[in-house]
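With this note's numbering applied, the sequence shown covers 84 to 707.
Cβ coordinates follow ideal geometry from the N, Cα and C atoms, glycine included.
Because the structure is a prediction, the values reported are computed rather than measured.
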Amino acid sequence: MREQRHPGDHFPPLLERPQRSWQRLLVDSLLAFFAAALVTAVIYTFALYPRIPNISLLYLLVVLALASTRGLYAAVLTSVLAFLFFDYFLVQPLYSLTVNRFEEWLALFVFLTAAIITGQMTNALRRQADEARRRERETRILYDLVRAANHEEDFQHQLAIVTQAVVQVFAPWGVCDCVLLLPDEQSRLEVLASAQTPRERFRLSSDEQATAAWVMANGQAAELHDVPLEGHGPYGRGLRATLQSSLRGWGRRRYARLLPLKTGERVLGVLLLLMEETEWPHLGKARTRQPRLNGASAVLEGPFFSAFLDQAAAIIERARLRREGLQLELLRQTDALRTALLSSVSHDLRTPLASIKAAASSLLQEDIVWDEESRRSFALTIEREADRLNRLVENLLDMSRIEGGALKPEKEWYPLDELIHDVLLQLQPLLQQRLVQVDLEEDLPPVPVDYLQLSQVLTNLIENAVRHTPASSPIEISARRCKGYVQVSVADRGPGIPPADLERIFDKFYRVRRAGSPGSGSGRAGGTGLGLAVCKGLIEAHGGHIWAENRRGGGAVFHFTLPLSDHESQTAGEQAEAAAAAPGATIPATWPVQAPASREEAAESNNLAQVGKREQREEEQPLS
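Encoded structure:
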């Protein structure tokens, strides 16, 4: 589970809450007085003047210190106090502001001027340094914001990072909560992210919803008080209405500030700031009900806060473009699948239909007398191509049921050797005289499978091997038991599978492109591209897994697993250990095998029963 980020750990406040002006003036005045008095006391106590004529430079050190730490007011006040203290306590006549000598007046005047100029220059340098630090701090905050947002992949997590960063950074300016509203499919604004309140629990009042809708429609900022609502700031002036905010119930008086999120002229959403009003207890009730609009408005309308709005808008715009890109890609893939389906199915339908049509037309020609062998050949052609059509239709129906979730295996315990034998009997017209090697492990237990579905899997895999290998190439079928499952493999000695296609050959309508194909002689392998996709869906419906590999020496092998019950897996494990210790643990066989007539009749009757079962199941399972 992804650990949730806490932007407060990474985004420090923009600056500390500034002191009240009267407090700062009082502190600066006291510091200036005591600093000037301290230097004067040191000079007076040790009688440093007039023994050291330039001892007044000590005052300049104090002026520099206060100018660099407290500002211009403290530096100028210290300069004036130093001028007065020096004249009163150190210049003859003592304890009087009277100066008898012109040289002393000139020295005092030069000292005062130098102190004030030094204080101003030092204060200017301090302001430049503060501005540089402020810009560096803002740049660092924005960099961390962008990095944290880009690190997240979830859209709502990205928006949550922005809202929490706004609260953490601008909390000194009265921001208590930040909520991001976006329109849904019905153009109704809904809460997508909230910094302090879980989005599921956040509820907007009717007035707040109306105000947010107005901001969304007009692209202008607005503030919601218990007084008339006005469009505010550089976004324009507009809306005037008397609204009552639902924020009154918070215990402390607050107001809402709503800002549009824009990209160009397009409004993507609304940022709702829940602000706390400034309280001035020492100024009386007349001032306590006025919101802090001067400092907060200057900050929230400045370029730094606009960067937060731009970042939120960029996240929303990227998500929209990504969503539209996915929709376009989905449409493209759908169109490609439709084209592939039409081309594949039309080709695979037209070819057997043409063969059936040609064979049937030949049989119906009355001017030609066909011998028994020719009639049998035409009948076998019709049967073979009809089976091919039937397999194609079955693949289409199975794929439709797999995608619709309507295909559920009806498992029965069935021996794999008999099932493989039945499939090979059914495919004898396709295999003709091709060599099929069957290698089954001894004492292979019955497996709980759906006979029809597993027969379809083996049929598709064998047909795939026939299509991609020369007529003289053998096909190998093997099965072995493992702990908890049985693994079945179908291997061939064809050209193999390109490594880049190993992960995609089980995709629907995907066909391997190669320079030449034994079956087709074209650059694209034959078939509809449905057979392996159906195999994957059927095996996974049985709780198994299917994959493909290339063989050493050339060729490909397809493996699939079928799970056993707990009792059977334990028994199979015990039997596997005994079989591994005994010689001759496998029973090789070669197809075609001359089976007895009773076996063929049994297989034929079994096939008829399975056909009836398939028809009954197709009636019970509707297509998706």
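Excluding its 5 nearest sequence neighbours in each direction, Arg-467 has C-beta neighbours in its own chain below 6 Å: Pro-512, listed in chain order. DSSP lists Val-569 as the bridge partner or partners of Arg-564.
Under the three-state reduction of DSSP output, Val-182 falls in the coil class, being neither helix nor strand.
Contact annotation, Tyr-568 with Tyr-534: C-beta distance approximately 18 Å; criterion of less than 8 Å not satisfied.
Around Leu-225, the same chain offers Ala-390 as residues with beta carbons nearer than 6 Å, after the five sequence neighbours per side are excluded. Residue range 629 to 633 is occupied by the beta strand (DSSP E) that includes Asn-633. Note that the C-beta distance between Thr-222 and Ala-150 is not below 8 Å.
Non-local beta-carbon contacts of Leu-357 in its own chain, meaning distances under 7 Å to residues more than five positions away in sequence, involve Cys-259, Asp-260, Leu-330, Arg-337 and Ala-339 in chain order. Buried is the label assigned to Trp-256, since at least 16 other Cβ atoms lie within 10 Å of its Cβ. Closest by C-alpha distance to Ile-558, out of Arg-576, Cys-565 and Ala-158, is Arg-576. If you draw a straight line from the Cα of Val-193 to the Cα of Ala-207, it is about 21 Å long.
Proximity to Ala-115 across Ala-300, Ala-198 and Asn-137 peaks at Ala-198, based on C-alpha coordinates. Around the Cβ of Gln-279, a 10 Å sphere holds fewer than 16 other Cβ atoms; the residue is exposed.
For the set Pro-136, Leu-585, Glu-291 and Ala-462, the Cα lying nearest the Cα of Ala-441 is the one of Ala-462. DSSP places Pro-512 in the uninterrupted alpha helix (DSSP H) bounded by 511 to 514. By the neighbour-count criterion, in which 16 or more other beta carbons inside 10 Å mark a residue as buried, His-308 falls on the buried side.
Segment contact: the region 340 to 350 against the region 381 to 401, three or more CB-CB distances shorter than 8 Å; contact assigned. Between Leu-436 and Gly-352, the gap from beta carbon to beta carbon reaches 8 Å or more. Under the three-pair Cβ rule at 8 Å, the region 113 to 128 counts as touching the region 141 to 150. Short of 6 Å from the beta carbon of Phe-168, and not among the five residues preceding or following it, lie these beta carbons of its own chain, in chain order: Ala-119 and Thr-123. As the crow flies, the alpha-carbon of Ser-288 is around 59 Å from that of Val-595. Closest in alpha carbon position to His-642, among Arg-635, His-628, Thr-464 and Thr-294, is His-628. The residue among Ala-443, Pro-582 and Asp-450 with its C-alpha nearest the C-alpha of Arg-459 is Ala-443.
In the DSSP annotation of this structure, the continuous segment of the alpha helix (DSSP H) that includes Leu-541 starts and ends at 534 to 550. When only Cα atoms are considered, Val-125 and Arg-107 end up about 27 Å apart.
With a minimum length of 3 residues, there is no unbroken run of beta strand (DSSP E) contained wholly in the region 192 to 261. By the neighbour-count criterion, in which a residue is buried when 16 or more other Cβ atoms sit within 10 angstroms of its Cβ, Lys-619 is buried. A check of alpha carbon separations from Leu-508 across Leu-480, Val-145, Leu-527 and Leu-541 identifies Leu-541 as the nearest.
Bridge partners of Ala-574 according to DSSP: Glu-559 and Val-640. A Cβ-Cβ contact shorter than 8 Å links Gly-202 with Val-159. In this structure Thr-246 touches Ala-276 by the C-beta definition: roughly 5 Å separates them, less than 8 Å. Pairing Asn-543 with Val-617 gives a Cβ-Cβ distance under 8 Å. In this structure, DSSP gives Arg-337 an extended state, which the three-state scheme calls strand. By the CB criterion at 8 Å, Ile-244 and Ala-254 fall outside the cutoff. Distance from the Cα of Gly-385 is smallest, within the candidate group Leu-518, Arg-218, Thr-422 and Leu-411, for Arg-218. Secondary structure of Gly-352 (DSSP, three-state): strand.
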